[in-house]
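Asker: Here it is: the structure, laid out below.
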Amino acid sequence: MSLVFRLRHRFPSAQTEMDMAFEVPSPGLTVLFGPSGAGKSTVLSAAAGLLRPDSCRIEVDGRVLADTNCGIWLPPERRRVGLVFQDSKLFPHMSVATNLRFGMRRTEPGLVEYNEVVELLGIGALLGRRPHTLSGGERQRVAIGRALLAQPHLLLMDEPLANLDAARKAEVMPYLTSLKTALRLPVLYVSHALEEAMQLADSMVLLEAGHVMGYGSISEIAGRADLPLARRDDAAALLLCHVAGHDHGRALTRLESGEATFWVPLLDAPVGAGCRIRVPAREVILAGKAPEEISLHNIVSGTVRRVAEGPERHSALVEIALSGGALLSRVTSDAIARLRLRSGSSVLALIKSTSIEVLPA
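Below you can see the structure in the form of structure tokens.
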């Protein structure tokens with residue numbers, strides 16, 4: 374199953390035409406990422422039926438919501454789409470319980486059950502309270518619950534954490550992770566925060582000036598040296614791993630991603646548990662052969678897939694293919710020449726254990 378999106382549209386005031394197309398697996402959470410004006414909100418508006426583009430096709434798991442070539446255009450109320458905004462938009466005169474049940478009024482019972490949503494979002498203790506007595510994070514969790522209880526076939530989330538401070542974001546993030554795993558809905562999620570995307574996304578669509586620069590799994594997109602993410606100072610690869618074992622004597626945990634092994638400071642996680650690791654490009658050193666008597670624990674062999682020169686930085690970004698994904702390394706142009714790195718070269722990536730960020734499960 375998949376979510377298919379194709380759109381062409383020109384706004385009266387715009388100089389360029391928006392022309393976007395992508396297809397991502399469903400269920401799963403797809404982050405739409407890009408600068409302001411890239412077209413992220415346009416995608417959500419078209420998917421919700423709030424914007425009728427010049428030309429589009431929107432299909433969710435085989436169900437066509439819109440196809441202008443075939444004259445298909447389902448109105449918003451027939452699309453079974455849930456919406457969550459930056460502002461929770463709860464009804465202030467209603468209790469949390471009444472706000473939640475409001476989403477159930479015009480829909481038949483479905484796979485998403487009231488008690489399940491209350492438990493997953495941890496809002497059981499809030500049911501009798503009014504929105505003005507809730508924290509920002511609590512209000513957003515209730516807003517998400519209301520959208521889910523409308524039994525959506527597609528959930529659209531427009532920067533739902535943008536108005537929250539760091540503490541409230543940290544409060545909500547685990548619930549979002551649990552929801553996307555438990556309810557197995559296709560989700561389109563707009564975000565400007567890369568750390569959010571790295572933790573939540575299954576897939577990512579990179580947008581710029583109304584065009585798709587790249588799309589695919591989050592690990593694939595984060596590990597490509599030719600995409601806009603690689604131009605950022607915080608460019609980093611993302612690898613999906615599992616806990617392969619613990620060495621309590623050395624206070625280290627062994628993670629595996631495909632055939633690649635990574636050692637990180639000891640984790641409180643069971644063997645077999647899945648996790649994600651973020652490896653900043655600036656922390657990856659390249660070598661032609663393994664050094665002796667060195668403090669770092671990770672020496673990972675790979676193959677150079679791409680070298681992207683960055684003349685404005687007097688450096689280059691090297692994309693290194695592994696069996697379980699890819700790493701990025703930012704090095705000087707001199708290092709590229711000295712190691713004679715080019716597509717197909719074998720190389721060793723050296724990474725300190727403390728430089729690997731294990732993202733919260």
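Just so we're aligned: the sequence shown equals residues 374 to 734 in our numbering. Idealized CB from N, CA, C, for every residue including glycine. Here the structure is a predicted model, which is why all the values come from computation and not from measurement.
1) Between the C-alpha atoms of Leu556 and Ala660, what's the straight-line distance to the nearest angstrom?
2) Measuring straight from C-alpha to C-alpha, what distance separates Glu682 and Ala708?
3) List, from N- to C-terminal side, the beta strand (DSSP E) runs of 3 residues or more that fit wholly inside the region 591 to 661.
4) Would a C-beta distance cut-off of 8 Å place Arg512 and Ser461 closer than the cut-off?
5) Considering only DSSP beta bridges, list what Ala699 is partnered with.
6) Would you call the CB atoms of Ala610 and Leu701 closer than 8 Å?
7) Can you have a look at Gly647 and say buried or exposed, based on whether 16 or more other CB atoms are within 10 angstroms of its CB?
8) Going by DSSP in three states, Asp707 sits in which element: helix, strand or coil?
9) Using the three-state DSSP reduction, which class does Leu370 fall into: helix, strand or coil?
10) Can you say whether Thr389 is buried or exposed, counting buried as having 16 or more other CB atoms within 10 angstroms of its CB?
11) At a cut-off of 7 Å, would you count Phe395 as near the ligand GDP, judging by its Cβ distance to the nearest heavy atom?
12) Cβ of Cys443 within 8 Å of Cβ of Arg379?
13) Just the Cα atoms here: how many angstroms apart are Gly596 and Gly698?
14) When the distance is taken between beta carbons, is Ser375 closer than 8 Å to Val397?
15) One question on the structure: do Gly455 and Leu529 come within less than 8 Å of each other, judged by their Cβ atoms?
16) Is the region 590 to 604 touching the region 621 to 629, taking contact as three or more C-beta pairs under 8 Å?
17) Going by the CB atoms, is the gap between Gly518 and Val545 shorter than 8 Å?
18) What residues match up with Ile445 in a beta bridge as DSSP calls it?
19) Measuring only the C-alpha atoms, how far is Ala543 from Arg604?
20) Between the alpha carbons of Ala574 and Pro504, how many angstroms are there, rounded?
21) Mind checking Ser668: buried by the 16 CB within 10 Å criterion, or exposed?
22) Where does Gly518 sit, in a helix, a strand or coil, going by DSSP?
23) Roughly how many angstroms separate the alpha carbons of Leu424 and Ser418, rounded to a whole number?
24) Under 6 Å Cβ to Cβ from Arg381, same chain only, skipping five residues before and after it: list those, please.
25) Any idea what DSSP makes of Phe475, helix, strand or coil?
26) I'd like to check one pair, Pro733 with Pro547: are the Cβ atoms closer than 8 Å?
27) Have a look at His670, Cys614 and Val515 and flag the residue whose alpha-carbon is nearest the alpha-carbon of Ala470.
28) Residue range of the alpha helix (DSSP H) that Glu569 falls in?
29) Quick one: using the 10 Å Cβ neighbour count with 16 as the cut-off for buried, is Ala498 buried or exposed?
30) Three-state secondary structure (DSSP) at Met467?
Answerer: Taking the geometry as given:
1) 45 Å
2) 12 Å
3) Listed in chain order, they are 609 to 620, 625 to 630, 633 to 638, 647 to 653 and 658 to 660.
4) yes
5) Ala694
6) yes
7) exposed
8) helix
9) Lying before the first or after the last residue shown, residue 370 is absent from the chain, which here runs from 374 to 734.
10) Exposed, because fewer than 16 other Cβ atoms sit within 10 Å of the Cβ of Thr389.
11) Among the components of this structure there are no ligands whatsoever, and the ligand GDP is therefore not found.
12) no
13) 7 Å
14) yes
15) yes
16) no
17) For Val545 and Gly518, no; Cβs fall outside 8 Å.
18) Asp440
19) 27 Å
20) Taking the straight line from one Cα to the other gives about 29 Å.
21) exposed
22) helix
23) Going by the C-alpha atoms only, they are around 5 Å apart.
24) Asp392, Asp427 and Ser428
25) Phe475 falls in the helix class under three-state DSSP.
26) yes
27) Val515
28) Leu567 to Leu573
29) Per the 10 Å Cβ criterion, exposed.
30) Met467 carries a coil assignment under DSSP once its states are collapsed to helix, strand and coil.
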